[in-house]
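K.L.:
With positions in the sequence shown counted from 1, the corresponding number in our numbering is that position plus 256.
Yeah, the Cβ is synthetic: ideal placement off N, Cα and C, and Gly gets one too.
All values derive from a computational prediction rather than experimental measurement.
Quick one: the structure is below, questions incoming.
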Amino acid sequence: MNQRIQSYVIGIDIGGTKTECCVFELSNESTPDTFFVPHKRFSSIKKVCGMRIPTDEAAGYDTFLEGVSNLVVSLLNDSSIHSDSLLGIGIGMPGTICPKTLVMLNGNTKMFVGNAFGSDLISALPFSCDFGVYNDANCFAIAEAYSGAGHLHSKHTSTPELELSSVGVILGTGVGGGIVLGGKCLTGPHGSAGEIGHTSLVTGGVDCYCGRKGCAESYLSGTGIQRIFKERYGYSKESVNIFSGAIAGDVDCLNVITQYREDLARFFANLVNILDVDFIVCGGGVSNQDIIYEGLEEMVGSLSFVDKKSFKIYKHQISDSAGVMGAAMQVCNQ
Ligand SMILES: [Zn+2]
257 MNQRIQSYVI GIDIGGTKTE CCVFELSNES TPDTFFVPHK RFSSIKKVCG MRIPTDEAAG
317 YDTFLEGVSN LVVSLLNDSS IHSDSLLGIG IGMPGTICPK TLVMLNGNTK MFVGNAFGSD
377 LISALPFSCD FGVYNDANCF AIAEAYSGAG HLHSKHTSTP ELELSSVGVI LGTGVGGGIV
437 LGGKCLTGPH GSAGEIGHTS LVTGGVDCYC GRKGCAESYL SGTGIQRIFK ERYGYSKESV
497 NIFSGAIAGD VDCLNVITQY REDLARFFAN LVNILDVDFI VCGGGVSNQD IIYEGLEEMV
557 GSLSFVDKKS FKIYKHQISD SAGVMGAAMQ VCNQ
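Structure, rendered in structure tokens:
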């Protein structure tokens, strides 16, 4: 029997509202549509095909599991890829994953909490396959470290991507993070390294759903910006409109965004002081607002104990597919 070369990998990025599943091909080619991936046999990864489905919590866990299983099978069939050619399936999930049991320990999408989705998916598939389950912010951080901001920083500093250290920070509906030290993602013995959104930013601040007060997420997320605006001015505005208002010179919006940037600078300075990273890369909806980066590096530098020139702050360099790519990249190396 001919042994097929395992040169394909599947990435699945499960979000609170949508789930993306992509098939990637591994090779040693370098073309404009390939991304660097460290692997003992391959050096690049390229998307072959992919699809998004809703993460419908109301329909229930079993229905979602069946939907993802069917999606994996149909993507392989549509692209004529045999399951024996799969190196593995990497799954990014919105929560903390126990490294021993792969059970999701906590997270906002409650149907996954207490379940080992990765193991359940592999059991539901009509073939066996290696797999890995990772925190979604860690997947973003890895993809950016290898092929996005890491690649850019590597070119500027002539330091190989795998020797760089970074933090990937998601500034979206919530705030999450992934820490990459010398090309390796730090997960921690309990899977919760990089849960920076629930570090304290404001003493005695607002209540967070995690049970603490003043968490960074409550101030640096899109929902946090909306809450701060409403509390200060008594009426509601979408966070994107607060940003566009600030750019247009609206004083109320500008006040909120100026405060936001100061809070973000203190938050980033803490990360730089603790981890001494080469760069911080920002993802998530709020990170698309260029106004947050104005003067940010200087502010972080003035608040940091480390050398001001020792770090950079980047906007994400990979499209919103960094999560699914990072899941695929991680399963290549486990
Ligand atoms: Zn919290």
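Quick check on DSSP: helix, strand or coil for residue 491?
P.N.:
Coil, per DSSP.
K.L.:
Going by beta-carbon coordinates alone, are residue 499 and residue 547 separated by less than 8 Å?
P.N.:
Contact: yes.
K.L.:
Do the CB positions of residue 317 and residue 371 come within less than 8 Å of each other?
P.N.:
Cβ distance < 8 Å, so residue 317 and residue 371 count as in contact.
K.L.:
Identify whether residue 387 lies in helix, strand or coil by the three-state DSSP scheme.
P.N.:
In the structure shown, residue 387 sits in a strand (DSSP, three-state: E or B).
K.L.:
Measure how close the beta-carbons of residue 458 and residue 475 come, nearest whole angstrom, since I'm counting them as under 8 Å.
P.N.:
About 6 Å; that satisfies the 8 Å criterion.
K.L.:
Would you mind working out which of 297, 288, 447, 381 sits nearest residue 356, comparing C-alpha positions?
P.N.:
Considering only alpha carbons, the answer is 447.
K.L.:
Is there at least one non-hydrogen atom of ligand 1 closer than 7 Å to the beta-carbon of residue 550?
P.N.:
Every heavy atom of ligand 1 is 7 Å or more from the Cβ of residue 550, so no.
K.L.:
Using only the alpha-carbon positions, how far apart do residue 366 and residue 276 sit?
P.N.:
Rounded to whole angstroms, residue 366 to residue 276 spans 19 Å at the Cα level.
K.L.:
Where does residue 517 fall in DSSP's three states?
P.N.:
Residue 517: helix per DSSP, three-state reduction.
K.L.:
Just checking my contact of residue 434 with residue 424 at CB under 8 Å: how many whole Å lie between their CB atoms?
P.N.:
With a Cβ gap of about 4 Å, residue 434 and residue 424 count as contacting.
K.L.:
Pull the bridge partners of residue 240 from the DSSP assignment, please.
P.N.:
Here the chain covers residues 257 to 590 and nothing more, so residue 240 does not appear.
K.L.:
Can you give me the Cβ contacts of residue 334 inside the same chain, cut-off strictly under 7 Å, excluding the 5 residues immediately before and after it?
P.N.:
Result list for residue 334: 305, in chain order.
K.L.:
What residue from 272, 381, 413 has the CA that sits closest to residue 535's CA?
P.N.:
Of the listed residues, the one whose Cα sits closest to residue 535 is 413.
K.L.:
Quick one: grab the DSSP three-state call for residue 507.
P.N.:
Three-state result, residue 507: helix.
K.L.:
Got a sec: does ligand 3 put a non-hydrogen atom nearer than 7 Å to the Cβ of residue 468?
P.N.:
This structure lacks ligand 3; its bound ligands are ligand 1.
K.L.:
Where does the unbroken beta strand (DSSP E) through residue 546 begin, and where does it stop?
P.N.:
Unbroken run through residue 546: none, as it is neither H nor E.
K.L.:
Let's see if you can read the secondary structure: which residues bound the beta strand (DSSP E) around residue 351?
P.N.:
Element bounds for residue 351: n/a, residue is neither H nor E.
K.L.:
Starting from residue 536, trace the beta strand (DSSP E) in both directions and tell me its first and last residue.
P.N.:
That run of the beta strand (DSSP E) goes 535-539.
K.L.:
Quickly, what does DSSP pair residue 570 with across the bridge? List them, please.
P.N.:
According to DSSP, residue 570 bridges with 537.
K.L.:
For the beta strand (DSSP E) that contains residue 360, what are its first and last residues?
P.N.:
Note, residue 360: beta strand (DSSP E), 360-362.
K.L.:
Suppose you measure from the CA of residue 258 to the CA of residue 302; what does that come to, to the nearest Å?
P.N.:
Caution applies to residue 258, whose pLDDT of 48 falls short of 50 and renders its modelled position unreliable; the value that the coordinates give is listed next. When rounded, the distance between both Cα atoms is 25 Å.
K.L.:
Apart from the five residues on each side of it in sequence, which residues of its chain come closer than 8 Å, Cβ to Cβ, to residue 574?
P.N.:
These residues qualify, in order along the chain: 291, 399, 400, 403, 404, 581.
K.L.:
With residue 400 as the anchor, note down where its alpha helix (DSSP H) starts and where it stops.
P.N.:
That run of the alpha helix (DSSP H) goes 392-403.
K.L.:
Look at residue 426 and residue 389 and say whether their C-beta atoms are less than 8 Å apart.
P.N.:
The answer is no: Cβ separation not under 8 Å.
K.L.:
Alpha carbon to alpha carbon, what distance is there between residue 260 and residue 542?
P.N.:
If you take the alpha carbons of residue 542 and residue 260, they lie about 44 Å apart.
K.L.:
Within 8 Å, do at least three Cβ pairs link the segment 558-566 to the segment 519-530?
P.N.:
Result yes; three or more Cβ-Cβ pairs closer than 8 Å.
K.L.:
Ignoring anything shorter than 4 residues, give me the alpha helix (DSSP H) runs that lie fully in the segment 276-342, in order along the chain.
P.N.:
With a minimum length of 4 residues, the continuous alpha helix (DSSP H) runs that stay inside the segment 276-342 are 317-334.
K.L.:
Write down the C-beta distance between residue 422 and residue 406 rounded to the nearest angstrom, noting that I regard them as a contact closer than 8 Å.
P.N.:
Yes, residue 422 and residue 406 are in contact; Cβ-Cβ is about 6 Å, under 8 Å.
K.L.:
Between which residues of its own chain and residue 460 is the CB-CB distance below 8 Å, once the five residues before and five after are set aside?
P.N.:
Answer for residue 460: 469, 470, listed in chain order.
K.L.:
Less than 8 Å between the beta carbons of residue 587 and residue 329, yes or no?
P.N.:
No; because the gap between Cβ atoms is not below 8 Å, this pair is not in contact.
K.L.:
Between residue 473 and ligand 1, is the CB less than 7 Å from at least one heavy atom?
P.N.:
Yes, Cβ of residue 473 sits closer than 7 Å to a heavy atom of ligand 1.
K.L.:
Tell me whether residue 454 counts as near ligand 1, meaning its Cβ is closer than 7 Å to at least one heavy atom of that ligand.
P.N.:
Yes, since a heavy atom of ligand 1 falls inside the 7 Å radius drawn around the Cβ of residue 454.
K.L.:
How long is the line joining the alpha carbons of residue 577 and residue 415, rounded to whole angstroms?
P.N.:
Roughly 25 Å separates the two Cα atoms.
K.L.:
Going by alpha carbons, who is nearest to residue 572 out of 565, 311, 589, 408?
P.N.:
The candidate whose alpha carbon is nearest that of residue 572 is 408.
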